[in-house]
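See below for the structure under consideration.
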Amino acid sequence: SSELSSGINAEYGGLNYIGLDGSIGCLVNGAGLAMATMDIIKLHGGDPANFLDVGGGATSEQVTEAFKIISSDPKVKAILVNIFGGIMRCDVIAQGILDAATNLNLDIPLIVRLQGSNVKEAKALMALSNIKILPIDNLDEAASMAVKLSDIVSRAQELKIKVDFSLGI
Numbered sequence: 051s052s053e054l055s056s057g058i059n060a061e062y063g064g065l066n067y068i069g070l071d072g073s074i075g076c077l078v079n080g081a082g083l084a085m086a087t088m089d090i091i092k093l094h095g096g097d098p099a100n101f102l103d104v105g106g107g108a109t110s111e112q113v114t115e116a117f118k119i120i121s122s123d124p125k126v127k128a129i130l131v132n133i134f135g136g137i138m139r140c141d142v143i144a145q146g147i148l149d150a151a152t153n154l155n156l157d158i159p160l161i162v163r164l165q166g167s168n169v170k171e172a173k174a175l176m177a178l179s180n181i182k183i184l185p186i187d188n189l190d191e192a193a194s195m196a197v198k199l200s201d202i203v204s205r206a207q208e209l210k211i212k213v214d215f216s217l218g219i
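Start counting the sequence shown at 51; every next residue gets the next number (our numbering).
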């Protein structure tokens, strides 16, 4: 099954992955933050599609692998990244996000909440890219936006309407 192969890919990538039934992909660092992220998504009426923990020492390549795993799930309509950079540097996560979005041609909404080590550098990297990323500092607002955008994508797909989340520069 897709969930089994994603779990195997995550295992080899040094990531912790559990597939769920929702439509919002979650990329986080730390099990506690993952649980809090999934809870707040539920609070806003959404459902998480997975639990994917990149841990405290993820590389840009591991972040890209995480996005491959999340985006391989056809139920995922939006991705919420929630990183607290204590040990994990936010600029490394940001570079992984940019690499993944470029290499995988992500065409779903990407909501990113980064806090902690090298967050200013991370935000600058994302702002200077041509990739449509919705940076939101507040977790409550980020989760709410992820739920709303996931709903928009789901409804558009039901109606066979193409919704473009790319940046028109």
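Glycine included, each C-beta is placed from N, C-alpha and C at the ideal position. Predicted model only: the values in this text are computed from it and were never measured.
- [ ] Please report the Cβ distance between V126 and S73, rounded to the nearest whole angstrom; I am assuming they are in contact, meaning their Cβ atoms lie under 8 Å.
- [x] Along the sequence shown, one-based indexing puts residue 126 at 76. Along the sequence shown, one-based indexing puts residue 73 at 23. Correct: roughly 6 Å between the Cβ atoms.
Open item on the list: Give me the DSSP bridge partner(s) of V131.
Closed with: Residue mapping note: residue 131 aligns to position 81 of the sequence shown, counting from 1. Partner(s): L77, V162.
- [ ] Assign M138 to buried or exposed, taking buried as 16 or more other Cβ atoms, counted over all protein chains shown, within 10 Å of its Cβ.
- [x] The count along the sequence shown starts at 1 and reaches residue 138 at position 88. By the 10 Å Cβ count, M138 comes out buried.
- [ ] Report yes or no: do three or more beta-carbon pairs, one from the stretch 188-198 and one from the stretch 90-101, lie closer than 8 Å?
- [x] yes
TODO: Mind checking who D103 pairs with in its DSSP beta bridge?
DONE: Position 53 of the sequence shown holds residue 103. Note: D103 sits in a beta bridge opposite N66, V78.
- [ ] Can you tell me which of L156, S179, D123, E171 puts its alpha carbon nearest to the alpha carbon of V142?
- [x] Taking the sequence shown and counting its residues from 1, the one referred to as residue 142 is at position 92. For V142, the nearest C-alpha among the options comes from E171.
Open item on the list: With DSSP as the reference, identify every bridge partner of L184, one or two as the case may be.
Closed with: Residue numbering aside, residue 184 sits at position 134 when the sequence shown is read from its first letter. I161.
- [ ] Using the Cα positions of L178 and G146, report the straight-line distance between them to the nearest angstrom.
- [x] Locating residue 178 in the sequence shown gives position 128, where the first residue counts as 1. Locating residue 146 in the sequence shown gives position 96, where the first residue counts as 1. Each residue's Cα considered, the two are about 15 Å apart.
Task: Residues sharing a beta bridge with P98, DSSP - done: Position 48 of the sequence shown holds residue 98. Answer by DSSP bridge pairing, in chain order: I74.
- [ ] Report the residue from D71, E115, L83 whose alpha carbon sits nearest the alpha carbon of G64.
- [x] Working through the sequence shown from its first residue, we reach residue 64 at position 14. Taking only the C-alpha atoms, the option nearest G64 is E115.
Open item on the list: For Q165, which residues in the same chain have their Cβ closer than 8 Å to its Cβ, ignoring the five residues on either side in sequence?
Closed with: For the purposes of this step, residue 165 is taken as the residue at position 115 of the sequence shown. Excluding sequence neighbours, Q165 sits near I133, F134, G135, C140, D187.
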